[in-house]
Amino acid sequence: MGVRPPSSGDDDEPESIEFGIAAVDAKLRDSDLSFPATKDDVAAELGHERIPYNVHGDDVALGEILAEVNTPEFRSRQELLNELHQPFEEYRRQHSGGVFQQVRSMLPF
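Numbers -13 to 95, taken from the working numbering, label the letters of the sequence shown in order.
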(Lines of atoms letter the chains of each structure in order from A and count residues from 1; the text may use other names and numbers.)
(Lines give C-alpha, C1' and ligand atoms only; values in the text may rest on other atoms or scores of the structure.)
Protein backbone atom coordinates (compact mmCIF):
# COMPACT_ATOMS: atom_id res chain seq x y z
CA MET A 1 0.00 0.00 0.00
CA GLY A 2 1.16 3.50 -0.68
CA VAL A 3 -0.46 6.89 -0.58
CA ARG A 4 0.67 10.17 -2.03
CA PRO A 5 0.81 13.01 0.48
CA PRO A 6 -1.26 16.10 -0.33
CA SER A 7 0.24 18.50 -2.83
CA SER A 8 1.75 21.71 -1.50
CA GLY A 9 0.92 23.49 -4.74
CA ASP A 10 4.42 23.46 -6.22
CA ASP A 11 5.39 21.67 -9.39
CA ASP A 12 7.55 19.06 -7.67
CA GLU A 13 6.02 15.61 -7.69
CA PRO A 14 5.54 14.43 -4.09
CA GLU A 15 7.02 11.15 -2.96
CA SER A 16 4.65 8.40 -1.96
CA ILE A 17 4.36 7.13 1.60
CA GLU A 18 4.86 3.38 1.76
CA PHE A 19 3.13 1.32 4.40
CA GLY A 20 2.05 -2.27 4.92
CA ILE A 21 3.03 -4.70 2.19
CA ALA A 22 4.61 -1.97 0.03
CA ALA A 23 6.93 -1.05 2.90
CA VAL A 24 7.81 -4.72 3.48
CA ASP A 25 8.54 -5.11 -0.24
CA ALA A 26 10.92 -2.13 -0.12
CA LYS A 27 12.76 -3.64 2.89
CA LEU A 28 12.98 -7.01 1.12
CA ARG A 29 14.46 -5.43 -1.99
CA ASP A 30 17.13 -3.73 0.14
CA SER A 31 17.96 -6.88 2.12
CA ASP A 32 20.31 -9.77 1.41
CA LEU A 33 17.49 -12.30 1.85
CA SER A 34 17.19 -14.86 -0.95
CA PHE A 35 14.38 -17.27 -1.72
CA PRO A 36 13.34 -19.89 -0.95
CA ALA A 37 13.55 -18.69 2.66
CA THR A 38 12.20 -20.08 5.90
CA LYS A 39 10.14 -18.07 8.33
CA ASP A 40 13.19 -18.10 10.64
CA ASP A 41 15.39 -16.72 7.83
CA VAL A 42 12.97 -13.83 7.30
CA ALA A 43 12.74 -13.17 11.04
CA ALA A 44 16.54 -13.17 11.42
CA GLU A 45 17.04 -10.80 8.49
CA LEU A 46 14.09 -8.41 8.90
CA GLY A 47 12.15 -9.31 12.05
CA HIS A 48 13.47 -6.25 13.91
CA GLU A 49 12.48 -3.81 11.14
CA ARG A 50 9.67 -1.40 12.02
CA ILE A 51 7.08 -1.34 9.24
CA PRO A 52 4.49 1.46 8.97
CA TYR A 53 1.00 -0.05 8.83
CA ASN A 54 -0.98 3.10 8.01
CA VAL A 55 -0.59 6.50 6.33
CA HIS A 56 0.10 8.16 9.69
CA GLY A 57 3.37 6.27 10.09
CA ASP A 58 2.29 4.08 13.00
CA ASP A 59 4.53 1.03 12.86
CA VAL A 60 4.96 -2.52 14.05
CA ALA A 61 7.94 -4.88 14.09
CA LEU A 62 7.82 -7.20 11.09
CA GLY A 63 8.56 -10.08 13.47
CA GLU A 64 5.26 -9.46 15.24
CA ILE A 65 3.32 -9.74 11.97
CA LEU A 66 5.43 -12.68 10.80
CA ALA A 67 4.48 -14.56 14.00
CA GLU A 68 0.88 -14.60 12.74
CA VAL A 69 1.86 -16.45 9.53
CA ASN A 70 1.60 -20.25 9.61
CA THR A 71 3.66 -20.95 6.49
CA PRO A 72 7.13 -22.27 7.47
CA GLU A 73 8.85 -21.54 4.13
CA PHE A 74 8.36 -19.09 1.27
CA ARG A 75 9.36 -20.03 -2.27
CA SER A 76 9.43 -16.42 -3.45
CA ARG A 77 9.29 -12.82 -2.30
CA GLN A 78 5.75 -12.60 -3.69
CA GLU A 79 4.64 -15.65 -1.70
CA LEU A 80 5.95 -14.02 1.49
CA LEU A 81 4.16 -10.76 0.69
CA ASN A 82 0.93 -12.65 -0.02
CA GLU A 83 1.16 -14.45 3.33
CA LEU A 84 1.82 -11.18 5.20
CA HIS A 85 -1.08 -9.31 3.62
CA GLN A 86 -3.90 -10.63 5.81
CA PRO A 87 -2.01 -10.31 9.12
CA PHE A 88 -1.11 -6.69 8.25
CA GLU A 89 -4.73 -5.90 7.41
CA GLU A 90 -5.93 -7.48 10.64
CA TYR A 91 -3.31 -5.59 12.66
CA ARG A 92 -4.31 -2.31 10.99
CA ARG A 93 -8.00 -2.94 11.76
CA GLN A 94 -7.30 -3.81 15.39
CA HIS A 95 -5.06 -0.78 15.93
CA SER A 96 -7.00 1.86 14.06
CA GLY A 97 -8.60 4.70 15.96
CA GLY A 98 -12.10 3.66 14.96
CA VAL A 99 -14.37 5.23 12.36
CA PHE A 100 -13.09 8.76 12.95
CA GLN A 101 -9.47 7.71 12.35
CA GLN A 102 -10.44 5.79 9.20
CA VAL A 103 -12.30 8.80 7.76
CA ARG A 104 -9.41 11.10 8.71
CA SER A 105 -6.94 8.83 6.90
CA MET A 106 -8.89 9.34 3.65
CA LEU A 107 -8.84 13.14 3.84
CA PRO A 108 -6.03 15.09 2.15
CA PHE A 109 -5.13 17.12 5.26
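We put the beta carbon where it would ideally sit given N, CA and C, even for glycine.
These numbers come from a predicted model, not from an experiment.
Legend entry - Distance, Ala29 Cα to Ser20 Cα: Rounded to the nearest angstrom, the two C-alpha atoms are 13 Å apart.
Legend entry - Reference Ser82, options Val10, Ala9, Asp27, Asp45, closest by Cα: Asp45
Inset, instruction - Could you tell me the boundaries of the beta strand (DSSP E) in which Val46 lies? - result: 45 to 47
Legend entry - Collapsed DSSP secondary structure at Glu35 in the structure displayed: coil
Inset, instruction - Would you identify the three-state DSSP class for Phe74, choosing helix, strand or coil? - result: helix
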